[in-house]
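In this text, residue positions in the first sequence follow our numbering: the first is 144, and each later residue adds one.
Using N, Cα and C, we set each Cβ at its ideal position, and we do this for glycine too.
Since the structure is predicted, the reported quantities are computational estimates derived from the model, not experimental observations.
Let me begin by presenting the structure, written as structure tokens, before commenting on it.
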Amino acid sequence: MSSSDDDVPLAGSKKPNGHVIKSSSKISKSQDKAMDDAQQPVNGAAGISVRNGPVEEMEIDEPQTNGNASSKRKARTSTGKSYKEATSDSEDDAPLSKKRRVSKSLKPDLESDSDDAPLVSKKRNSKSPVVAKKPVKASETAIGEADDSDAPLGTKLAKEKQRIEKKAAKDAKEIRKEERKKNENKPQTNGAAAKRKSLTNGVKKEDSDDDKPLSSKIKSAKKPEKSVKREASTPKKSKVKKEETAEDEEAEEEEEEYKWWEDPTKGDGTKKWTTLEHAGVVFPPPYQPLPKNVKMRYDGQPVSMAPESEEVATFFGSMLNSTHNVENPTFIKNFFEDFTKSLKETGGATDRDGNKVAIKDFKKCDFQAIFDYFDAQRMEKKALPQSEKKRLKAEKDEAEAPYLYCKWDGRKQKVGNFRVEPPGLFRGRGEHPKTGHVKKRVKPEQITINIGKEAMVPHPPEGHRWKEIKHDPEGTWLAMWQENINGAYKYVMLAANSDVKGQSDFNKFEKARELKKHIDHIRDHYEKELKDELMANRQRATAMYLIDRFALRAGNEKGDDEADTVGCCSLKFEHVTLRPPNTVIFDFLGKDSIRFYDEVEVTAQVFKNLKLFKKSPKAEGDDIFDRLTTGQLNKHLSNFMKGLTAKVFRTYNASFTMSTLLREMKSVGTIPEKIKDYNEANRKVAILCNHKRTVTAGHETQMEKLGDRIKGVKYQKWRQKQMILDIDPKQKKKRGEAFFELDDDLDQGWIQEHQAYLVEEQRTKIEKKFAKDNEKLVAEGSKEMKHKELEQRLEVADELAKKYKLENKRGKVDAEGKGPTVEKFLANIEKMEQRIATMSIQAEDKESNKEVALGTSKINYIDPRLTVVFSKKFDVPIEKFFSKTLREKFDWAIKSVGEDWEF
DNA sequence: CGCTAGGAGTCCGTCCGGTTCGA
DNA sequence: CTCGAACCGGACGGACTCCTAGC
């Protein structure tokens, strides 16, 4: 192969540290072994062909400069130039950032087989190497393509089969439905079990072919068909067929739900709909100028300005209570920049006499009046009578009603976010460089509408027009615009409980399940590649290991104008610490600037690799995986399985973990206990995915409160026990002394405090009641009670205090209540114990959940069918796990599995 | 016993962040 | 490849719900 033979030794280029760059593209054995000494270039045989084609040129000790990470991007775009720079001997003199570019930009070439030839010649030759390689690549891709095309066809055929089967099973379903309806009317709690049973039975009896075995059906259908497939319908044809069936379905009465999960139309299909009608978007209300007397002050003087600028001022002024933003220098800087710009565009500010006021210094701006005004408005709104609030809401609902739903292929579907985002100040998360910038009001002229050809196009607001009308059946969005801060696209799409979204959710989990079949092979493969001679391959394998084992995200490159966060491929030198023999410590800010911190053990090879990837001259700011991008990684992954990408591993591992935990779980006991079991498994998944949340402000106090409540019950329990002794001292022997002892976590000090608290509680209660009663009396026109009355009433509390005092002194508790019996006390104790148990479980749950967010994994990563299985297997109503909206979102899961389903 | 207030806890919309894919 | 486009995923906080104590 190519190249490397012609290489001119890279002699010219020196590493920053003075090492001569080696031309070897591989990691030699000796290097591998003596990783630590790897600085010595080993000249690997040049033309060893590597799998996937191109021989990569890598050097283990590839020069890595300490360039600033952010320069990377630019580097990639200036390849040509960089080459030259790279070749030039003067590299040493190049600024660090340039050097960095060199290493980066070398990458593509190297991978495409260039060798150490001087860059210039490389460039010229670049074609030939590619060509040379092509055969290899071509054959591989050919295989890949063949596979690809097979798969869709196969699944399509399978789908057809399913469709037929589905029809057959339809009657059965009708019956089930009926049953369900009947059951639905039964009272929830007790009915739940019965309901479940009848459902399950229904499934078993009538549907067994259809439900559980669905997946196996697909499988079985697929295989036989494969051979036939080739001549089978073209994608288009099958699509048409699908549509037809879909239309058939539509014909049915509204009540009939369309069970798309038994008729997956999505396939790889790109066409998402045939007909689409919707009402467009709702714009936020126009800006209401401030009343004349409310003004921002500049240098102490109230100033006036055009409404456009005034609105910007109100963005800031209305959030003065959010010190987090309002005191953030970047936020202020960006806001002020936009504010002054707006003033400039709208004629500036004037004082009360109409004289221009130049607003130049943020510190002289006083928004307090604006804040007060908004605050007052908030209060006013809050204080509105209930009925008025209701009326307003009803009004709003009515106005929005048309936008709430669309018609997608004739079916009514809920729209997710039909409201255009209102203007305001961009916040962003973490240390976002653009925080504080004005997010502008979106005009109809910026909005593109996507709608069916035949449908009526929604009218833009009076005097406006839409940017564009599209009829793109491959898009699932109804409207779209571009936001001004990051140029990001905003889409109006369907709600999570819609068919399309459900389908893609379903597909996501099916993909993850498919990964199950390939995972062993994939792991074997990367395990081997961890020792690959090619740096790029080795890095790729190592990244795969991390993604697979620790659920890291892919980690795309980010720009300077975004918060500085990373994922796997973008991990930097300082984010990974190696602690021999084999512990890796991750510490970085991930998505949403959430800290990822974990100390994990890895295999010796991975440890060694990471050490290699961190090797000098790499230093802070340098990429660990400098030879890897998410694009390459995903491309590689797709070779193993169609549609496999880095994020699938997260879904797979989350669901697989949950599945394993559930399979081994023997959940018994009360419903809360079972829920706790589920949550525990859920929590493990959440931890795996690093779904953290900030501990709520009041957590500590809340825990204390909870703890005190538990202790309080324990104390009362103890008192009950003492009362037993009071009426029947013989019980002491009978039950043993231990029974009557105080719980470990209670001591006299605490008890005294608690008693005081109880007394005080009584007191305040009495006082409150007294005050209230007095109010009442006054309202009725009578006279207030005398203070003496209060004192009299308070005697109850005093007596309580006395009683406790006496109890403490005598070390015994008098029996309370009428006709006290041992049995009664025992019954009370039993109840209290129950309460203690429940509360303790709650407390534990709460504590272990304080910094873990369960929701995200439950909603996005754990196959909802697993939750349904848990619910059925352990007889816990699904309502305990899925809220109403989630039940709608996961309708397909709830209806499609029995308790034996497996991920 | 039913009702209410109000506070805690959950739900859900919002809107920003990240990944993927193909032109 | 690189960027645009389109989607999925994520934390957060206001709105709503639920629970409980008190009447």
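query, result
"C-beta contact flag for Y546 and K557 at 7 Å", "no"
"Sequence-distant residues of the same chain with beta carbon closer than 6 Å to Q589, five excluded per side", "K610 and W624"
"Alpha-carbon spacing of F1046 relative to W404, whole angstroms", "16 Å"
"Alpha carbon of T473 to alpha carbon of L695, nearest angstrom", "30 Å"
"Per-residue DSSP class, three states only, for T591", "strand"
"Nearest residue (CA-CA) to H834, options A899, F716 and K993", "K993"
"7 Å Cβ cutoff met for G595 and T418", "yes"
"Beta-carbon gap between A422 and P604 smaller than 7 Å", "no"
"Whole-number beta carbon distance between L787 and F1013, since they are thought to touch under 8 Å", "The pair is not a contact, with the Cβ atoms about 27 Å apart (cut-off 8 Å)."
"Span separating the alpha-carbon of M636 from that of A598", "17 Å"
"Contact under 7 Å by Cβ, V791 with A980", "no"
"Chain-order list of residues whose beta-carbon lies under 6 Å from that of R793 (same chain, five-residue window excluded)", "A694"
"Secondary structure of Q625, DSSP reduced to three states", "strand"
"Cβ neighbours of E454 in the same chain (closer than 6 Å, five flanking residues each side left out)", "Y430"
"Which residues DSSP lists as bridging M439, in chain order", "V446"
"When D820, A686 and S736 are compared against H779, the one with the closest alpha-carbon", "A686"
"Presumed contact (8 Å Cβ cut-off) between P815 and I984, rounded CB distance", "6 Å"
"Proximity of F514 and G460 at Cβ, strictly below 7 Å", "yes"
"Spatial distance of F783 from E763 (CA atoms)", "34 Å"
"DSSP state of D704 mapped onto helix, strand, coil", "coil"
"Counted within 10 angstroms of its Cβ, other Cβ atoms place L831 as buried (16 or more) or exposed", "buried"
"Cα-Cα separation between D707 and V469, rounded to whole angstroms", "21 Å"
"Helix, strand or coil at K414 [DSSP, three-state]", "coil"
"Exposed unless 16 or more other CB atoms sit within 10 angstroms - verdict on Y900", "exposed"
"Pick from I972, L1009 and E1022 that is closest to E1042, judged by C-alpha positions", "L1009"
"Where the beta strand (DSSP E) through I728 begins and ends", "T726 to L732"
"K848 versus I972: straight-line alpha-carbon distance, rounded", "22 Å"
"Length of the line joining the Cα atoms of K582 and P566", "5 Å"
"N- and C-terminal bounds of the beta strand (DSSP E) containing V719", "V719 to R722"
"Secondary structure, beta strand (DSSP E): runs of 3+ residues fully inside the region 723-793", "726-732 and 738-744"
"Span separating the alpha-carbon of L673 from that of S802", "29 Å"
"Integer-rounded CB distance, given that Q891 should sit under 8 Å from Y947", "That belief does not hold up - the Cβ atoms of Y947 and Q891 are roughly 12 Å apart, past 8 Å."
"Cutoff 8 Å; reference L753; Cβ partners in own chain excluding five residues on either side", "T685, V719, L721, V727, V745 and I767"
"Simplified DSSP state of L419, which is helix, strand or coil", "strand"
"Minimum C-alpha distance to V1040 - residue among F1025, M448, P528 and K1016", "K1016"
"Beta-carbon gap between N777 and A747 smaller than 7 Å", "no"
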